[in-house]
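Single-structure report; data block below.
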Amino acid sequence: SWLLITFLSMDKSKFIQDLLDMENESILENPSDVASYKRRAAINREIDPLSAISDLTKVLEIDPSQTDIYLQLGAIKRNIGNVEDAFKDINKFLEIVPDSIVGLANLGWLYLLIDKSTSAIETFKKCCGFEAKNNIELEHQVEVLEFLNELSKKEEE
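And the structure:
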């Protein structure tokens, strides 16, 4: 509750800067601290995406088994308009986890961004062919199914 009280008593940018300062200090003390790099990347994701990319890349250098980082990198790169590198990261993730509902959904949305609707639809259908293991996967499948349903309604008109 002290964190909430602290948050409420200061402005948001000061709070964010304090969080970044804590992670910076932690990384200085332990340059191999994957958790600190991930937290700092999460803080920077919207305000400084290039720093977030740098931190997530560092996580992969320290611990290549953190394969979910490729999804995060792909999402950030897509958001800043680096679609080509986003494809590389999502595809790298899917090489490691080929039946990932989240990875396939992200790949499908990337295909739509570059107007490859046939590839997007094929990828979305593959995405929906797996059984969701958790709510996050289920949410991705619901988004994909809603899109496919809207698309089929438009084709019927």
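Going by this note's numbering, the first residue of the sequence shown is number 194, and it counts up by one from there.
Built from N, CA and C at the ideal position, the CB exists for glycine as well.
Just so we're clear, the structure is a prediction, and the values are computed from it rather than from any experiment.
Contacts around Ile307, its chain only, beta-carbon distance under 8 angstroms, and the 5 residues preceding and following it disregarded: Val276
Inter-residue Cα distance where the pair is Glu324 and Val335: Whole-angstrom Cα-Cα distance: 12 angstroms.
Inter-stretch contact at 8 angstroms, needing at least 3 Cβ pairs: the stretch 270-287 / the stretch 311-321: no
DSSP-derived helix/strand/coil call for Val290: Reduced to three states, the DSSP call for Val290 is coil.
Nearest candidate by alpha-carbon position, reference Pro257, set Val227, Ile246, Glu218, Trp302: Val227
The alpha helix (DSSP H) enclosing Thr250, as first and last residue numbers: 242-255
Straight-line Cα distance separating Ser247 from Gln259: 15 angstroms
Residues near Ala279 in its chain [Cβ-Cβ closer than 7 angstroms; skip 5 each side]: Gly267, Lys270, Arg271, Leu303
Whole runs of the alpha helix (DSSP H) within the stretch 296-322, excluding any shorter than 4 residues: 310-321
Distance between Phe340 and Asn327 (C-alpha atoms, nearest Å): Whole-angstrom Cα-Cα distance: 20 angstroms.
Gly267 in three-state terms, based on DSSP: In this structure, Gly267 counts as helix in the three-state DSSP scheme.
Gln334 (DSSP reduced to helix, strand or coil): helix
Residue from Leu221, Ser206, Lys347, Ile255 whose Cα sits closest to the Cα of Ile236: Ser206
CB contact check: Asp308 to chain C, cutoff 8 angstroms: The structure shown contains no chain C, having only a single protein chain.
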